[in-house]
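*Asks:* Residue numbers (the working numbering): 115 to 233. Handing you a structure now.
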């Protein structure tokens, strides 16, 4: 399954699964490793984790790539007619508590793509 194919390659659309991308989370304000929760209203439908240093704003590699993306492959039924949102849970909860304030995450977006299958 792919998100894109050549126009010369015949394909079908997988109508059962989608790729959900949370794009553009500013990781520099997150103190250390964290977990991103993709939620359908209040229900967690998927999660991903990212390991990073305790103060990423002081690490050259983090500063070079301050925005990070997360991909989730989900059944269409998990998102259809839903209100999707995210929460970011830092491992170090001493600074911000259990959930990072959304205003510190930048301006992330949620993108949804159907999966394509070669035939």
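Beta carbons: idealized from backbone N, C-alpha and C, even for Gly. None of the values given here were measured: they were computed from a predicted structure.
Tell me whether the beta-carbon of residue 136 lies closer than 8 angstroms to the beta-carbon of residue 216.
*Replies:* Translated into the one-based positions of the chain shown, residue 136 becomes position 22. Translated into the one-based positions of the chain shown, residue 216 becomes position 102. Not in contact: residue 136 and residue 216 (Cβ atoms no closer than 8 angstroms).
*Asks:* State whether the stretch 173-184 contacts the stretch 208-215, with contact taken as three or more CB pairs (one from each stretch) at a distance under 8 angstroms.
*Replies:* Cβ pair count under 8 angstroms is below three, so no.
*Asks:* Once you ignore the five residues that flank residue 124 on each side, which residues in its own chain have a CB closer than 8 angstroms to its CB?
*Replies:* Reading the chain shown from its first residue, position 10 is the one you call residue 124. Closer than 8 angstroms at Cβ, skipping near neighbours: 232, 233.
*Asks:* For residue 163, write down the residues that DSSP places opposite it in a beta bridge.
*Replies:* By one-based count along the chain shown, residue 163 stands at place 49. Beta-bridge pairing links residue 163 to 149.
*Asks:* Work out the CA separation of residue 159 and residue 147 for me, nearest whole Å.
*Replies:* Here residue 147 refers to the residue found at position 33 of the chain shown. Here residue 159 refers to the residue found at position 45 of the chain shown. Near 20 angstroms, if we compare the C-alpha coordinates of residue 159 and residue 147.
*Asks:* Measuring only the C-alpha atoms, how far is residue 214 from residue 126?
*Replies:* One-based indexing of the chain shown puts residue 214 at position 100. One-based indexing of the chain shown puts residue 126 at position 12. One C-alpha to the other measures close to 40 angstroms.
*Asks:* Once the 5 residues before and after residue 205 are set aside, which same chain residues still bring their CB inside 8 angstroms of it?
*Replies:* The residue you call residue 205 lines up with position 91 of the chain shown. For residue 205, where only same-chain residues beyond five positions count, the Cβ hits under 8 angstroms are 146, 147, 148, 149.
*Asks:* On the premise that residue 140 lies in contact with residue 219, defined as a C-beta separation below 8 angstroms, what is that separation, rounded to the nearest angstrom?
*Replies:* Looking up residue 219 in the chain shown gives position 105. Looking up residue 140 in the chain shown gives position 26. So it is a contact: roughly 6 angstroms between Cβ atoms.
*Asks:* Using a Cβ-Cβ cut-off of 6 angstroms (strictly less than) and excluding sequence neighbours within five positions of residue 173, which residues of its own chain qualify?
*Replies:* The residue labelled residue 173 in the question sits at position 59 within the chain shown. Once the five neighbours on either side are set aside, the close Cβ partners of residue 173 are 167.
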